[in-house]
Amino acid sequence: MTSAIYANLRGVWGSSEKNVFAVGDNGTILNYNNTTTVITNSATSVTNTSATLNASINPAVSTNAATSVTDTSVKLNGIVNPNGAVVSIKQQ
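No gaps in the numbering here: position 52 of the sequence shown is 51 in numbering that gives the first Met the number 0, and each next residue is one more.
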């Protein structure tokens, strides 16, 4: 996946292959829905910038129902296929 954005991405979440969010350093938020929306957040201002994402294959994300639910724990289930992109996954 190619983009003009230079930030370490720390987490990714998506409700479908056309609605994926990634968060990274310095308040970077990427929303993939055939374009990338970059929001840079600082203590004093927010700047919104849009850029085209040049991806030959879309990332694929699916979430499944939680299982093994108890009073103190739960197993979260999902699949991410980055299709060659470098991503990190975090479920909360």
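Just so you know, even glycine gets a beta-carbon here, dropped at the ideal spot from N, CA and C.
Query                                                                                                                          : Result
CA-to-CA distance, alanine 21 to threonine 71, given in whole angstroms                                                        : 28 Å
Collapsed DSSP secondary structure at asparagine 7 in the structure displayed                                                  : coil
Cut-off 8 Å between Cβ atoms - residues of its own chain near alanine 65, not counting five sequence neighbours on either side : Val73, Lys74, Leu75 and Asn76
Assigned exposure category for serine 13 - 16 Cβ within 10 Å defines buried                                                    : The question names serine, but residue 13 in the sequence shown is glycine. By the neighbour-count rule (16 or more Cβ atoms within 10 Å), glycine 13 is buried.
Where valine 85 falls, given that 16 or more other Cβ within 10 Å makes a residue buried                                       : exposed
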